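Residue numbers (our numbering): 107 to 336.
Following this line, the structure appears as structure tokens:
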């Protein structure tokens with residue numbers, strides 16, 4: 107298995123684990139013993155899933171859970187890669203937001219029977235949901251282009267997350283602090299060599315659906331033109 111695929115699977119698993127512990131308390135799901143309580147969970151999950159893009163209705167992409175997830179996943183402290191190499195995290199990409207929304211829906215699905223069960227977040231099961239969120243985000247951006255609402259939301263998510271990490275505001279960071287040192291370059295070269303060697307020995311992995319590239323890029327995003335990966 108290539109290093110890239112291993113890293114992608116790790117990111118996906120870590121994100122699902124973090125959100126799984128947050129979704130229940132955030133939306134009010136509880137571990138009930140009674141039939142009435144279980145039915146309450148069922149009704150809550152059903153109401154949240156009714157209609158298309160129900161998650162979007164929760165504050166039109168201002169869902170507090172998005173901020174908490176971003177904080178914990180990519181801005182846990184001032185030494186996190188997203189802080190050190192902030193050039194690549196200067197805002198939250200649309201693909202990252204779509205991924206988070208899809209994972210949140212997966213966590214809501216775990217309560218569909220009223221009793222929490224583990225559901226794996228896989229490309230096969232959630233690629234369509236991810237695509238739907240991505241399409242809706244682009245539509246929202248286009249519809250509100252005159253006000254740049256999506257851009258403002260994305261920038262706010264980033265700025266709040268950076269503040270959460272305890273790092274300086276970007277306007278206080280010098281260029282020398284932003285520069286990537288040669289050690290990081292050497293590490294990247296070594297990782298590439300190991301990945302290339304693994305692919306040569308084992309053949310190219312088929313991957314886990316079209317979302318693999320997006321999950322990998324959610325860790326170190328480059329630019330918005332990659333939104334159409336899926």
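Just so it is clear, CB atoms sit at the ideal spot from N, CA and C, and this is done for glycine as well.
Note that the structure is predicted; figures quoted are calculated from it, not measured.
Closest residue to residue i among the options (Cα-Cα distance)
i, options, result
"residue 243", "207, 221, 213, 265", "207"
"residue 179", "209, 150, 151", "209"
"residue 274", "240, 190, 239", "190"
"residue 143", "262, 219, 203", "219"
"residue 261", "145, 229, 192", "192"
"residue 185", "175, 269, 126", "269"
"residue 233", "246, 211, 251", "211"
"residue 264", "194, 140, 152", "194"
Cα-Cα separation, residue i to residue j
i, j, result
"residue 167", "residue 118", "21 Å"
"residue 240", "residue 199", "11 Å"
"residue 227", "residue 237", "14 Å"
"residue 154", "residue 213", "12 Å"
"residue 171", "residue 132", "7 Å"
"residue 225", "residue 266", "30 Å"
"residue 177", "residue 201", "17 Å"
"residue 147", "residue 129", "12 Å"
"residue 173", "residue 196", "15 Å"
"residue 253", "residue 156", "29 Å"
"residue 230", "residue 215", "15 Å"
"residue 245", "residue 251", "10 Å"
"residue 187", "residue 296", "18 Å"
"residue 235", "residue 140", "32 Å"
"residue 248", "residue 169", "20 Å"
"residue 123", "residue 181", "16 Å"
Exposed unless 16 or more other CB atoms sit within 10 angstroms - verdict on residue i
i, result
"residue 259", "buried"
"residue 300", "exposed"
"residue 204", "buried"
Nearest-angstrom Cβ-Cβ length linking residue i and residue j, presumed shorter than 8 Å
i, j, result
"residue 150", "residue 135", "6 Å"
"residue 271", "residue 183", "6 Å"
"residue 125", "residue 175", "6 Å"
"residue 222", "residue 304", "Not confirmed; about 37 Å, so no contact."
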